Amino acid sequence: MLKLTAIIPTGNEEQNIDAAIESVKFADEILIVDSFSTDRTLERAKQHDVRVIQREYGNSASQKNWAIPQATHEWILLLDADERITPELAEEVQQILKEGPKHDGYWMYRENYFLGHLIKHSWKGDKVIRLFHRDRSKYQEKHVHAEVITEGSVGWCEHKIIHNTYVSYDAFVRKLNRYADWQARDYINRTGKITAWHLWVKPAFRFWKHYIAKGGFLDGVPGFIIASLQAYGVKARYYKIWLMRQEEKNVHEKVDEKFGIRRE
1 MLKLTAIIPT GNEEQNIDAA IESVKFADEI LIVDSFSTDR TLERAKQHDV RVIQREYGNS
61 ASQKNWAIPQ ATHEWILLLD ADERITPELA EEVQQILKEG PKHDGYWMYR ENYFLGHLIK
121 HSWKGDKVIR LFHRDRSKYQ EKHVHAEVIT EGSVGWCEHK IIHNTYVSYD AFVRKLNRYA
181 DWQARDYINR TGKITAWHLW VKPAFRFWKH YIAKGGFLDG VPGFIIASLQ AYGVKARYYK
241 IWLMRQEEKN VHEKVDEKFG IRRE
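In terms of the UniProt record's numbering, the sequence shown opens at residue 1 and continues consecutively.
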């Protein structure tokens, strides 16, 4: 059977790290990629048979792309600290490696939990590529929501990853704001003038998508919170693009004034 390296990126994940490691104990190597945690993440991780490497955090994609070539084995199972591999998925991964993978990567659906509630509708269809070949795969160079791109084909795993996302409302809001900052940098050069279309129509469509189209209303109050905050995240992205442009404009005006530059 082909050997497997499980990679777990961490940053102050003391509440999650033990369970994440336990769920990938079947891997031949467990590689912890830590961004200099200041809590007990590393203390707890080192109680297990793992290898630890550290790097300052830039964004998720760059951190993972830095870590992937450092894996000992050619096949990678990448797991965020708030995710868990079920015994059924672990068995399926091992079977793929035993038979010989027919693809360079494998999609996995995620079973999402929000504020302790199973979300069946609002994030329906949430999928990620988490099993892939080390030398024929990498993450897109994006600040947010980067996915693995492979040289060859991508198959599917039948079983799901458990994703214990956002254990608190405040944590969700903080992450949305952080994502809005990063997405503003990705979008600024391909976004025209910020208008009501960006600040009202697109957020309203995002709410409709999660709450109506995907059936988020069937998830009860958590579904409404998810749809509302997803809409807020879209609006925040465009607010931040507008603010970034204003700051850049003000800087240029101050330089022009100081050096007597006139721009036609």
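In this text, a Cβ means the ideal position worked out from N, Cα and C, and glycines have one as well. Keep in mind it's a predicted model, so treat the numbers as computed, not measured.
Fewer than three beta-carbon pairs drawn from the region 194 to 212 and the region 107 to 116 are found closer than 8 Å, and the two stretches are therefore not classed as touching. Counting C-beta atoms within 10 angstroms of its own C-beta, Thr72 has fewer than 16 neighbours from the protein chains shown and is therefore classed as exposed. By the Cβ test, the region 32 to 44 is not in contact with the region 120 to 127, since fewer than three Cβ pairs between them sit closer than 8 Å. When DSSP states are grouped into helix, strand and coil, Lys127 belongs to the strand group.
Excluding its 5 nearest sequence neighbours in each direction, Ala61 has C-beta neighbours in its own chain below 7 Å: Tyr139, Gln140, Glu141, Lys142, Ala146, listed in chain order. Taking a C-beta distance under 8 Å as the contact criterion, His159 and Glu83 do not qualify as a contact pair. Approximately 7 Å separates the beta-carbon atoms of Glu29 and Arg51; this is inside 8 Å, confirming the contact. If you draw a 10 Å sphere on the C-beta of Asn189, you find fewer than 16 other C-beta atoms in it, and that means exposed. The three-state reading of DSSP puts Thr41 in helix, counting H, G and I together. Residue pairing for Asp34: DSSP places it in a beta bridge opposite Thr10, Gln54.
With fewer than 16 neighbouring CB atoms inside 10 Å of its own CB, Ser153 falls in the exposed class.
The beta-carbon distance between Val221 and Gln183, rounded to whole angstroms, is 27 Å. This is too long to meet the 8 Å contact definition.
Within the same chain, and ignoring the five residues on either side of Asp49 in sequence, the residues whose Cβ sits closer than 8 Å to its Cβ are Ile30. Residue pairing from DSSP places Tyr109 in a beta bridge opposite Lys127. Between Leu115 and Val167, the C-beta gap is smaller than 8 Å, which places the two residues in contact.
In the three-state DSSP reduction, Ser153 falls in the coil class, being neither helix nor strand. Counting every other CB atom within 10 Å of its CB across the protein chains shown gives Gln230 a total of 16 or more, marking it as buried.
With a threshold of 16 other beta carbon atoms within 10 Å, Gly223 meets it and is buried.
Ranked by Cα distance from Gln95, the options Lys3, Asp170, Ser122 are led by Lys3.
Close CB contacts of Lys240 within its chain, under the 7 Å cut and outside five residues either way in sequence, are with Ala180, Asp181, Ala184 (chain order).
A buried status is given to Pro101, since no fewer than 16 other beta-carbon atoms sit within 10 Å of its beta-carbon.
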